[in-house]
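Using the UniProt record's numbering, the letters of the sequence shown correspond one by one to residues 1 to 231.
The structure appears below as structure tokens.
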Amino acid sequence: MTGRLDSEVIIIGGGATGAGIARDCARRGLRTLLIERHDIATGATGRNHGLLHSGARYAVTDNESARECISENRILRRIARHCIEPTNGLFITLPEDDLAWQQTFIDACQQAGIEATPLSPQETLRREPAVNPTLLGAVQVPDGTIDPFRLTAANMLDAREHGAQILTGCEVTGLLRRGDRVCGVQVYDRQLHQARTLYAGMVVNAAGIWGSVLRNMPTCASPCSRRRDRC
1 MTGRLDSEVI IIGGGATGAG IARDCARRGL RTLLIERHDI ATGATGRNHG LLHSGARYAV
61 TDNESARECI SENRILRRIA RHCIEPTNGL FITLPEDDLA WQQTFIDACQ QAGIEATPLS
121 PQETLRREPA VNPTLLGAVQ VPDGTIDPFR LTAANMLDAR EHGAQILTGC EVTGLLRRGD
181 RVCGVQVYDR QLHQARTLYA GMVVNAAGIW GSVLRNMPTC ASPCSRRRDR C
């Protein structure tokens, strides 16, 4: 049995990237469909260390990236506070390090708009007793931890509230093309044991490390005519 669904955007991949794209598209009023072959955040999103970068580690060598990081850091703290623990982070200076570099680091952070607070060895040990006791000093930056699953789920829920449809347990088995444009996908619904053909004006590959596998999938020519049926 083949079912069709008319969408403006199909997003393949239910991780952080796919969920964020789905939310953005849905909030813009686009008819949005997200497809995930397993469950949400079961790929790289659910297997990372959950560090919310301040951008400080890039400040000296790549100030532009540092600015991007702290900007995204602040956005997430504002819109997803329930997913974040503001732990802060410490950059430690040890005896074998050049203590003068600490000021270079602080200056670069300030240039990128990142709060960087120098700490004495005593204050550092008070805040983090497990730190190397031979340290010469430290700099505190606004790093944090983030719950990737909770953030992804929150984006999915908001996308659904704005009209997006989320299909989990559906694996893409082929791409539909019209000329040089992908205009739909063939999927297998593992829960219903049903093949489906889904069309859209745009197909977004958000499959992460499986993106190249998806890109190289077999394709078939299709007129990409749209018939609106229920999912």
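We treat Cβ as the ideally placed atom computed from N, Cα and C, and that holds for glycine.
Here the structure is a predicted model, which is why all the values come from computation and not from measurement.
In this structure, Tyr188 sits near Thr173, with a CB-CB distance shorter than 7 angstroms. Thr173 is bridged by DSSP to nothing; it lacks a bridge partner.
Secondary structure note for Ala159: its alpha helix (DSSP H) is the uninterrupted segment 148-161.
If you look at Gly18, you'll find it isn't in any beta strand (DSSP E); it sits in the alpha helix (DSSP H) that goes 16-27. Distance from Ile12 to Asn205 at the Cβ level is roughly 6 angstroms; contact confirmed, criterion being Cβ atoms closer than 8 angstroms. It is roughly 9 angstroms from the alpha-carbon of Ala207 to the alpha-carbon of Thr17. Annotation: the stretch 105-141 contains the following complete segments of the alpha helix (DSSP H) (minimum length 4 residues), in chain order: 121-127. With a cutoff of 7 angstroms on beta-carbon distance, Ala200 and Ile79 are scored as not near each other. Per the Cβ contact rule, the stretch 97-112 is in contact with the stretch 56-76 (3 or more Cβ pairs under 8 angstroms). Residue environment analysis places Gln122 among the exposed positions, since fewer than 16 neighbouring C-beta atoms fall within 10 angstroms of its C-beta.
Pairing Ile114 with Ser65 gives a Cβ-Cβ distance that is not under 7 angstroms.
The way I'd put it, the stretch 72-86 doesn't touch the stretch 94-102; fewer than three beta-carbon pairs between them come closer than 8 angstroms.
Under the 8 angstroms Cβ criterion, the stretch 42-54 counts as touching the stretch 138-155, having at least three qualifying pairs.
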